[in-house]
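So the sequence lines, in the order shown, correspond to chains A and B. Under our numbering, the letters of the first sequence match residues 1 to 191, in that order. Under our numbering, the letters of the second sequence match residues 192 to 389, in that order.
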Amino acid sequence: METYIVMAVSAIFVNNILLAQGLGSCPYLGTSKSMDTAIGMAMAVIFVLVMAGAATWIADHFLLKPCNIEFLRTLVFILIIASLVQFVEMFMKKSVPSLYAGLGIFLPLITTNCAVMGACLMNINEEYDFLTALINASFLGAGFGIALILFAGVRERIILNNVPEALTDTAIGLVTAGFISLAFMGFQGLG
Amino acid sequence: MSKSIAREFAKGLWSEIPPFRLVLGLCPVLAVTMSVENGIGMGLATTFVLVGSNFLVSLLRNVIPPKIRIACFIIIIATFVTMVEFIMQAYVYPLYLKLGIFIPLIVVNCVVLGRAEAFACKNPILPSLADGLGMGLGFTLSLSLIGAFREVLGNGTFLGLQVFGDAFVPFGVMVKAPGAFVTLGLLLAFMNLVPVKK
Chain A
1 METYIVMAVS
11 AIFVNNILLA
21 QGLGSCPYLG
31 TSKSMDTAIG
41 MAMAVIFVLV
51 MAGAATWIAD
61 HFLLKPCNIE
71 FLRTLVFILI
81 IASLVQFVEM
91 FMKKSVPSLY
101 AGLGIFLPLI
111 TTNCAVMGAC
121 LMNINEEYDF
131 LTALINASFL
141 GAGFGIALIL
151 FAGVRERIIL
161 NNVPEALTDT
171 AIGLVTAGFI
181 SLAFMGFQGL
191 G
Chain B
192 MSKSIAREFA
202 KGLWSEIPPF
212 RLVLGLCPVL
222 AVTMSVENGI
232 GMGLATTFVL
242 VGSNFLVSLL
252 RNVIPPKIRI
262 ACFIIIIATF
272 VTMVEFIMQA
282 YVYPLYLKLG
292 IFIPLIVVNC
302 VVLGRAEAFA
312 CKNPILPSLA
322 DGLGMGLGFT
332 LSLSLIGAFR
342 EVLGNGTFLG
352 LQVFGDAFVP
362 FGVMVKAPGA
372 FVTLGLLLAF
382 MNLVPVKK
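Right, here's the structure in full:
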C-alpha cells in the first residue's frame with residue numbers, strides 16, 4: 001500500500017508528466033483556453049491512459065515478448081492506441097451519449113498526445129507488473145489533469161489582461177507554464 | 192520547376208519553421224533540448240523520419256484510400272521511427288541512451304503527421320522530399336537554438352566546451368523543465384516580432 005502512495009506522490013507532483021517531463025504539451029497549450037475544455041481533455045486523457053496502459057501491457061507481455069518481436073513495439077503501441085481511441089469513441093457515442101457530448105471532440109486528439117504513448121512506454125521500461133502499471137498510468141493521467149486544469153485557471157485570467165503584442169497567446173502561455181513548472185519543482189525531494 | 196522545389200525547401204527554414212511558425216511538435220522541443228548535442232541528434236532523427244515518410248506517403252498518395260489515410264500515415268511513420276531507432280542504437284549509442292523514450296515518441300510528433308497530411312499526400316515526390324528536408328532541417332535548427340540557450344545558461348557549456356570562466360555560476364533551472372518552457376516562450380515572442388513576408 002505504502003509503495004502506491006509514494007508512487008502517487010511521485011507521479012502526480014514530483015515527476016509530473018507534463019510539468020517535469022514535458023510530455024503532452026500540444027494539448028496542454030491547445031485545450032487550456034477555457035476551463036470547460038481543460039476539464040474535458042483532462043478526463044479524456046485519464047480515461048484513455050488507463051485503458052491504453054492496460055492494453056499495451058497485455059500486448060507487450062503476451063504478444064511481443066513471447067514472439068521475440070519487441071522491436072515492433074513502437075508500431076504496435078501506436079496502432080493499439082489509435083484503434084483504442086477510435087473504439088472508445090464509438091462505444092461512448094452509442095452507450096453513454098452524455099459523456100460523449102462532454103469528451104467527444106477531445107478523443108481523436110488523444111491519438112497524437114505523447115503523454116499517452118510516453119506513459120505506456122515508461123510502464124514497459126520500468127518493468128512494472130500489470131496492477132502497478134495500471135495504477136501508475138492512472139496517477140500519471142491525474143497529474144496531467146491537475147496540471148492542465150491549474151493552467152487553464154491561470155490562462156483564463158491572462159486573457160483579461162493586456163499582454164505585449166508579440167507575447168500574446170502561445171508565447172505567454174509557455175512562459176506561464178514555465179512558472180507553474182517552477183512551482184512544481186518545489187515538490188522535488190518529496191519522493 | 193526547380194524554383195518551386197527550392198521554395199518548398201526554403202519555407203521550412205524560415206517562413207514556416209517548426210516549432211516557431213508552426214506551433215507543432217512541442218514535446219521533443221521541451222523535453223530533450225537540455226544541450227545542443229541532444230537538440231541536433233533529435234532534430235536529425237526527426238528529419239530522417241520526415242523525409243522518409245514524406246517520400247513514401249507521396250509515392251503512395253494515389254493508392255491510399257482517403258478514409259483510412261491517417262492510419263496508413265501512422266504506420267508509415269512508425270516504420271521509419273523504428274528504423275531510426277535501430278540506426279541510432281547501432282552508431283550513436285550514448286545519444287540513443289540520452290534521448291531514451293523520445294525516439295519512439297517521434298511517432299506522435301505532430302510535425303511529421305502534419306506534413307504528411309498537409310503536403311505529401313497532395314504533391315509529387317520531389318517537392319515532398321524538399322518539403323520534408325526543409326522542415327526537418329528547420330526543426331533541427333530550432334532545437335539546436337533552444338538547446339544552445341539552455342546549455343550555455345544552465346550549464347555554462349556549448350557542445351560540452353566551457354564557455355565562461357570559473358566565476359560563472361550556472362543558472363541550473365534552465366536545464367530543467369521550467370527553463371524549457373520559458374526559453375521556448377520567449378523565442379516564440381521574438382519570432383513574432385519579425386513578420387513574415389507573404
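Ideal Cβ placement from N, Cα and C applies to all residues, glycine included.
Contact list for residue 59 of chain A against chain B, beta-carbon separation under 8 Å:
For the purposes of this step, residue 59 of chain A is taken as the residue at position 59 of the first sequence. Under the 8 Å cutoff, chain B gives no residues; its nearest Cβ is about 14 Å from residue 59 of chain A.
Can you give me, in chain order, the residues of the segment 366-382 of chain B that have a beta carbon less than 9 Å from any beta carbon in chain A?
367, 368, 369, 370, 371, 372, 373, 374, 375, 376, 377, 378, 379, 380, 381 and 382
Any idea if residue 276 of chain B is buried or exposed, counting beta-carbon neighbours within 10 angstroms, 16 or more meaning buried?
For the purposes of this step, residue 276 of chain B is identified with residue 85 of the second sequence, where counting begins at 1. It is buried - the Cβ of residue 276 of chain B has at least 16 other Cβ atoms within 10 Å.
Where residue 214 of chain B falls, given that 16 or more other Cβ within 10 Å makes a residue buried:
Along the second sequence, one-based indexing puts residue 214 of chain B at 23. Buried, because 16 or more other Cβ atoms sit within 10 Å of the Cβ of residue 214 of chain B.
Please list the partners that residue 102 of chain A has in chain B, where partner means a Cβ-to-Cβ separation under 9 Å.
Taking the first residue of the first sequence as position 1, residue 102 of chain A is located at position 102. By Cβ distance, chain B contributes nothing, its closest Cβ being about 24 Å from residue 102 of chain A, past 9 Å.
Give me, in chain order, the residues of the same chain whose beta-carbon lies closer than 7 Å to that of residue 70 of chain A; leave out the 5 immediate sequence neighbours on both sides.
The residue you call residue 70 of chain A lines up with position 70 of the first sequence. Cβ neighbours of residue 70 of chain A beyond the five flanking positions: 64.
Pop quiz: residue 270 of chain B and residue 75 of chain A are said to be a contact at Cβ under 8 Å. What is the actual Cβ separation, rounded to whole angstroms?
Translated into the one-based positions of the second sequence, residue 270 of chain B becomes position 79. Translated into the one-based positions of the first sequence, residue 75 of chain A becomes position 75. Their Cβ separation, rounded to whole angstroms, is 7 Å, which keeps residue 270 of chain B and residue 75 of chain A in contact under 8 Å.
Check residue 188 of chain A in the structure and name its three-state DSSP category.
Taking the first residue of the first sequence as position 1, residue 188 of chain A is located at position 188. DSSP places residue 188 of chain A in coil when its eight states are reduced to three.
Among the candidates A/23, A/72, A/35 and A/2, whose CA atom is the shortest distance from the CA of residue 368 of chain B?
As a working note, residue 368 of chain B is residue 177 in the second sequence. Considering only alpha carbons, the answer is A/23.
N- and C-terminal bounds of the alpha helix (DSSP H) containing residue 373 of chain B
Numbered from its first residue, the second sequence carries residue 373 of chain B at position 182. Residue 373 of chain B -> alpha helix (DSSP H) spans 368-384.
When you compare the CB of residue 67 of chain A with every CB in chain B, is at least one pair closer than 7 Å?
If you number the first sequence from 1, residue 67 of chain A lands on position 67. Output row for residue 67 of chain A: interface = no.
Cβ-based neighbour list, residue 107 of chain A, same chain, cut-off 8 Å, excluding 5 preceding and 5 following
Counting from one through the first sequence, the residue named residue 107 of chain A turns up at place 107. Contacts found: 44, 48, 85, 88, 89 and 92.
Among B/236, B/381, B/320 and B/307, nearest to residue 199 of chain B - alpha-carbon criterion
Position 8 of the second sequence, counted from the first residue, corresponds to residue 199 of chain B. Ranking the options by Cα distance to residue 199 of chain B, first place goes to B/320.
Determine the direct distance from the alpha carbon of residue 361 of chain B to that of residue 265 of chain B, and round the result to whole angstroms.
Within the second sequence, the letter at position 74 stands for residue 265 of chain B. Within the second sequence, the letter at position 170 stands for residue 361 of chain B. Distance between the alpha carbons of residue 265 of chain B and residue 361 of chain B is about 41 Å.
Hey, does residue 145 of chain A have any beta-carbon neighbour from chain B nearer than 7 Å?
The residue labelled residue 145 of chain A in the question sits at position 145 within the first sequence. With 7 Å as the cut-off, residue 145 of chain A does not count as an interface residue toward chain B.
In terms of DSSP beta bridges, what is residue 21 of chain A paired with?
The sequence position of residue 21 of chain A within the first sequence is 21, counting from 1. For residue 21 of chain A, which the question treats as bridged, DSSP gives no partner whatsoever.
Work out the CA separation of residue 162 of chain A and residue 171 of chain A for me, nearest whole Å.
Numbered from its first residue, the first sequence carries residue 171 of chain A at position 171. Numbered from its first residue, the first sequence carries residue 162 of chain A at position 162. Each residue's alpha carbon lies about 14 Å from the other.
Can you tell me which of the three DSSP states residue 37 of chain A falls into?
Translated into the one-based positions of the first sequence, residue 37 of chain A becomes position 37. Three-state result, residue 37 of chain A: helix.
Could you give the C-beta distance for residue 338 of chain B and residue 237 of chain B, rounded to a whole number, given that I count them as a contact under 8 Å?
Position 147 of the second sequence, counted from the start, is the residue given in the question as residue 338 of chain B. Position 46 of the second sequence, counted from the start, is the residue given in the question as residue 237 of chain B. Residue 338 of chain B to residue 237 of chain B, Cβ: 14 Å. No contact.
Quick one: using the 10 Å Cβ neighbour count with 16 as the cut-off for buried, is residue 31 of chain A buried or exposed?
Locating residue 31 of chain A in the first sequence gives position 31, counting from the first residue. Buried is the call here.
Roughly how many whole angstroms lie between the Cα atoms of residue 159 of chain A and residue 309 of chain B?
By 1-based counting over the first sequence, the position of residue 159 of chain A is 159. By 1-based counting over the second sequence, the position of residue 309 of chain B is 118. About 30 Å.
Bridge-paired residues (DSSP) for residue 86 of chain A
Your numbering for residue 86 of chain A matches position 86 in the first sequence. DSSP output for residue 86 of chain A lists no bridge partner at all.
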